[in-house]
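What follows is a short report on a single structure.
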Amino acid sequence: MSNDIEVTMQEDRLFEPTFEFIEQAHIKSKGQYDAMYMESIRSPEKFWGDIAEDFTWKKKWDQVINWDDAPVAKWFDGAELNITENCLDRHLETERRTKKALIWEGEPGDTLELTYEQLHDRVCRAAAMLREQGVKKGDRVTIYLPMVPELMISVLACARIGAIHSVIFGGFSSGAILDRVKDAESAVVITADGGWRRGKTLGLKKIVDDAINQTDIVKTCIVVQRAEVDHEMKSGRDIYWNDIYPAEGTAFEAETMKSQDPLFLLYTSGSTGKPKGVQHSTAGYMVGTHTTTKYIFDMKDSDVYWCTADVGWITGHSYLVYGPLLNGATIVMYEGAPNFPDFDRFWDVIEKHKVTIFYTAPTAIRAFMKWGNEHVEKHDISSLRLLGTVGEPINPEAWMWYHEKIGASRCPIVDTWWQTETGAIMITPLPGVTSTRPGCATTPFFGVDAAIVDEKGNEVPDGKGGLLVIRKPWPSMLTNIWGDLDRFKEVYWSRFAEQGYYLAGDGAVKDKNGYITILGRIDDVINVSGHRLSTMELESCLVAHPSVAEAAVVGFEHDLKGEGIAAYVIVNNGFTQSEDDKVILKKFIAGEIGAFARPDQIHFADALPKTRSGKIMRRVLKEIAAGRDIEGDLSTIEDIAALKKLAASAKV
Ligand code: PRX
1 MSNDIEVTMQ EDRLFEPTFE FIEQAHIKSK GQYDAMYMES IRSPEKFWGD IAEDFTWKKK
61 WDQVINWDDA PVAKWFDGAE LNITENCLDR HLETERRTKK ALIWEGEPGD TLELTYEQLH
121 DRVCRAAAML REQGVKKGDR VTIYLPMVPE LMISVLACAR IGAIHSVIFG GFSSGAILDR
181 VKDAESAVVI TADGGWRRGK TLGLKKIVDD AINQTDIVKT CIVVQRAEVD HEMKSGRDIY
241 WNDIYPAEGT AFEAETMKSQ DPLFLLYTSG STGKPKGVQH STAGYMVGTH TTTKYIFDMK
301 DSDVYWCTAD VGWITGHSYL VYGPLLNGAT IVMYEGAPNF PDFDRFWDVI EKHKVTIFYT
361 APTAIRAFMK WGNEHVEKHD ISSLRLLGTV GEPINPEAWM WYHEKIGASR CPIVDTWWQT
421 ETGAIMITPL PGVTSTRPGC ATTPFFGVDA AIVDEKGNEV PDGKGGLLVI RKPWPSMLTN
481 IWGDLDRFKE VYWSRFAEQG YYLAGDGAVK DKNGYITILG RIDDVINVSG HRLSTMELES
541 CLVAHPSVAE AAVVGFEHDL KGEGIAAYVI VNNGFTQSED DKVILKKFIA GEIGAFARPD
601 QIHFADALPK TRSGKIMRRV LKEIAAGRDI EGDLSTIEDI AALKKLAASA KV
């Protein structure tokens, strides 16, 4: 057990929601939660069917959940809809027509505000633009943009015409873009000349070119002019957004989609092979993201809501775009870094726009703590009423700082556990109900039948760690891995095929009150600043470098990032092992995958600690990386002398 988890497990402080919060909350009591939860588990058809009545459907469903083709769930089977009519058109018939949908702030300080009516208009125009470019229902459109309004608009424009969007986080490199474009067979890419980050521009078009010049799959590349970065335009393929975006608004009719039609792909790392295109469908995802946003963020029309995630991650999809728009919320979107021009940028944004709900990652919170309280204290952030965290375990120290310094010991904190695959939040406090405990995600959301089981699928006793599984289908669940149904079944459903449980890939423990604490991944996935990376993917990347003969990558506890990356490398004959060589390898990974995948440590080794059967002992490598003495049974190690040498050199 890592030190962080040990600290979390010993935590026994409980924080009740305040009276003022409870009074105004959508859900006000444990009794109300229990009754709704019970109904959601016992009668999901009734529970979700009632909620779905409030949406705009082109045709109502025949069945709320059809699980006949398990594990492919058909939520709202038989229904027809378009999610953008629910995100936009539906609000135009109400007072929300003139309500702010988006408050966007660029890193240099430029801003744009759009009402629901204006956002609708822009999405319709972008949809017309894509249609004009020949994009049809079912086509895949890759979006590689900075956090500019066109990102949200492009996503919604795709959904409006029934194209499947595949957003790639702007921090990924050309190698990652090429893999994803090829896997999705995406003929259209939307990108920008560049974006702003920490006062500098980053040339996105150049990165895209390095990828798409290597394939003839991409026929059209639409370029948003954002940061005046030099770039090339390939004639016949590349075209500026501004040159084709209609000057006049059009009421672009939304495509009719079946409830199961894919809405988007989002590539994420698993324990094996290349990143997989997690596929989400339309109706279930819509109902799931709407309902979680409403109850977990206690969303009201008066709120100004800010989720700091990039749209390139699932959090950005579900809680920056779809969930809040489905609720008719006012959304803040910020383009750049939290520490530009100064360490108080986030608090400045909150003060300026009077943000009431703030959702961010533990990594960011740890960075704010390090930067110091004075940056927070410069600002009036008393508009805040609710805080959230996501993406990785939050250590109690960071939780307490968030609670006291940002939440003024008054705002509830929702520590939300979920995944790219789950589409929406699964385990979380409900802000008006749950007594929260630092570091604990607490209880399942409506419809989530979470359990902690042993290797055989039997529930473990309270207080004992085990595998986190979900025993029943839930509306926003993934429906496939793009083009690979076998892999979908294998990765998530094969471990407990008999019982039909979804394997989350996390370890967890439940206490006697039913509170669930997430213990971290049970597979070879590491979580670096909330970014999910596969050790195997990093290893394959390293061995592709000419100097590397063999590599092993592990995660280790890191004060700021949650987990850091340590790579152990055996070089080929004739290559040197200098500090410069370490820098070369770090840069190589950053170039192949993205800067966020750059290893924190590179260790050159004569041999990797393996068991006699040839298995790398990762536990030992983790301990070396964390600077701890190697403990436990080493009797199965093949080459103990090489291990001792490695451990000694790591300490220097
Ligand atoms: O290990 C869990 C961790 O992040 C993984 C999912 O990563 P991703 O698909 O990139 O989605 C992140 C945003 C939803 C999980 O398997 N994780 C996510 N939220 C938490 C968490 N670990 C602990 N506590 C959380 N609140």
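Residues 1 to 652, numbered by UniProt numbering, are exactly what the sequence shown covers, in order. The beta carbon of each residue, even a glycine, is placed where N, CA and C say it ideally should be.
Annotation for Ala-127: the continuous alpha helix (DSSP H) segment containing it runs 116 to 132.
Relative to the ligand PRX, even the nearest heavy atom lies 7 Å or more away from the CB of Asn-82. With a cut-off of 7 Å, the C-beta of Trp-313 is classified as near the ligand PRX, since at least one heavy atom of the ligand falls inside that distance. Judged by their CB atoms, Arg-618 and Val-554 are nearer to each other than the 8 Å cut-off. With contact defined as three or more Cβ pairs closer than 8 Å, the segment 133 to 144 and the segment 554 to 571 are not in contact. Within the segment 210 to 297, the runs of beta strand (DSSP E) that reach at least 3 residues and sit entirely inside it are, in chain order, 220 to 224, 238 to 240, 262 to 268 and 276 to 281. Gly-336 sits away from Trp-482, with the two beta carbons spaced by 8 Å or more.
Under the DSSP assignment, Phe-604 falls in the beta strand (DSSP E) whose first and last residues are 601 to 604. The closest CA to that of Tyr-245, considering only Gly-203, Ile-153 and Pro-338, is found on Ile-153. Among the bridge pairs identified by DSSP, Thr-389 is matched with Thr-360 and Asp-415.
In the three-state DSSP reduction, Ile-168 falls in the coil class, being neither helix nor strand. Collapsing the DSSP output to three states places Asn-66 in a strand. Under DSSP, Trp-104 takes part in a beta bridge, and its partners are Leu-112 and Met-333. In the structure shown, the three-state DSSP call for Tyr-502 is strand.
Here the alpha carbon of Pro-149 sits roughly 28 Å from the alpha carbon of Lys-258. The residue from Gln-118, Trp-104 and Gly-106 with its alpha-carbon nearest to that of Arg-96 is Gln-118. Our two residues, Val-229 and Lys-586, have alpha carbons roughly 26 Å apart in a direct line. The Cβ neighbour count for Ser-281, taken over all protein chains shown within 10 Å, is at least 16; the residue is labelled buried.
Assigned with DSSP and collapsed to three states, Asn-82 falls in coil, not helix or strand. Contact holds between the segment 377 to 392 and the segment 351 to 366, because three or more Cβ pairs, one in each stretch, are under 8 Å apart. Restricted to the UniProt domain "AMP-binding enzyme C-terminal" (537 to 615), the alpha helix (DSSP H) segments that are unbroken, complete and at least 4 residues in length are 579 to 592, listed in chain order. Taking 7 Å as the cut-off, one finds no heavy atom of the ligand PRX near enough to the beta carbon of Asp-348. In this structure, the straight-line span from the alpha carbon of Met-369 to that of Glu-185 is close to 43 Å.
For Phe-596, the closest alpha carbon among the candidates Lys-615, Ile-565, Tyr-492 and His-375 is that of Ile-565. Here DSSP, grouped into helix, strand and coil, assigns Ile-27 to coil. As computed with DSSP, Glu-459 is found in a beta bridge with Val-453. Here the alpha carbons of Ile-103 and Pro-393 stand approximately 29 Å from one another. Pro-108 counts as exposed, since fewer than 16 other C-beta atoms from the protein chains shown sit within 10 angstroms of its C-beta.
Rounded to whole angstroms, the Cβ separation of Gly-78 and Trp-67 is 14 Å, and the two are not in contact under 8 Å. Leu-634 is a Cβ neighbour of Ile-640, given a cutoff of 8 Å.
Exclusion of Pro-324 from the 7 Å shell around the ligand PRX follows from its C-beta lying no nearer than that to any non-hydrogen atom of the ligand. For Ser-534, DSSP records a beta bridge to Val-525. Per DSSP, the continuous beta strand (DSSP E) segment holding Arg-140 begins and ends at 140 to 144. With a cutoff of 7 Å, Trp-474 does not count as near the ligand PRX, since its C-beta is closer than that to no heavy atom of the ligand. The ligand PRX approaches Gly-505 closely enough that one of its heavy atoms is under 7 Å from the residue's Cβ.
With respect to the 8 Å criterion, Ala-73 and Ile-83 are not classified as neighbours on the basis of their beta carbons.
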